[in-house]
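Structure, as structure tokens:
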Amino acid sequence: MQTQLESIAARVDGVMGYTIVDLTNGERVDRLQDEVFPLASTIKLSILYELFKQADEGKVNLDRILALDRRHVVAGTGVLVELGTPSLALRDYATLMIVLSDNTATNVLIDVVGMRNVTARMTGAGLPSLKLRRKMIDLAAARRGDENVGSSSDVAKLLGMIHRGEGLRKESAAALVAILKKPKATALRRGVAASVEVADKSGTLDGVESDAGIVYLPGRPYIFAATTTYLKDNAAGEAAITAASRAAFDYFSRIANSSEYGRSLR
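Residue numbering for the sequence shown follows numbering that gives the first Met the number 0, beginning at 0 and increasing consecutively.
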């Protein structure tokens, strides 16, 4: 798998990093894993975690109904920009943030949990590269260099925390993962058999593609986190992530269906 992944990354007209972790034995394959990349909407994983953590701490109520203030509305992905002033529960804003990558829903939740709190939580959890520095579609902040960033290693560690339910009540961890598992078309999922559950969040900006998630392959679950930047062509970056995802899936599928000596047990 390592050779395949290196070949895929080398062909990208840009920069690609990744971290893939075998959840059975902890072994990992990395490339530029500690380099800080712009994460685009993959940063929403950290917002989702903070929301559920604050709910467990009694600071927010996920069933609280909040009317959309049109001052939060921004363009880009999502549906709230088209819906006037709907009233939604915070957990519904979270679902829109993850499933449709709704930028308006994301900005609502950033105000609810606090931008600094998200970054502080990540730092406190030992994930110092994960930084939420701006709201979605804030071009002025992006031009100042206030990008939402992180390394593939820290994204993978966050996914490991989510997988283990670390820091969350059992019910909260299950509800968080259920949101991430909801159907959506992503580069990571295109490399995985349709019958296998995936809990992930992708992201895209001009010149940037990312995707990270937990692949619940029976007998051999794993974490996949890939980041690309300086892309000449976004489609090529997305295709590289899909190719890397497919290489990882093929590898872990073979391991899952083999004896310890490599004999196929299908």
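The C-beta atom is built at its ideal place from N, Cα and C for all residues, glycine as well.
query, result
"Straight-line gap, PRO182 to ARG262 (C-alpha atoms, nearest Å)", "34 Å"
"Residue of SER201, LYS156, ALA54 minimising C-alpha distance to GLY236", "SER201"
"Anticipated Cβ contact below 8 Å, ASP101 with GLY77, distance rounded", "3 Å"
"Touching by the beta-carbon criterion (3+ pairs, under 8 Å), the region 87–105 and the region 25–32", "no"
"Contact belief for ALA88 with LEU67 at Cβ below 8 Å, rounded distance in angstroms", "About 12 Å separates the two Cβ atoms, so there is no contact after all."
"In DSSP terms, what PRO37 is bridged to", "VAL148"
"Per-residue burial, GLY125 [other beta carbons within 10 Å of its own, 16 or more giving buried]", "exposed"
"Cα-Cα separation between LEU26 and ILE222, rounded to whole angstroms", "The identity of residue 26 in the sequence shown is Glu, whereas the question assumes Leu. Their Cα atoms are separated by approximately 11 Å."
"Collapsed DSSP secondary structure at LYS134 in the structure displayed", "coil"
"Beta bridge counterpart(s) of ILE213 as assigned by DSSP", "ALA198, ILE222"
"Own chain, CB closer than 6 Å to ALA154, minus 5 neighbours either side, in chain order", "Looking at the sequence itself, residue 154 is Val, so the reference to Ala does not match. Once the five neighbours on either side are set aside, the close Cβ partners of VAL154 are ALA211, ALA224."
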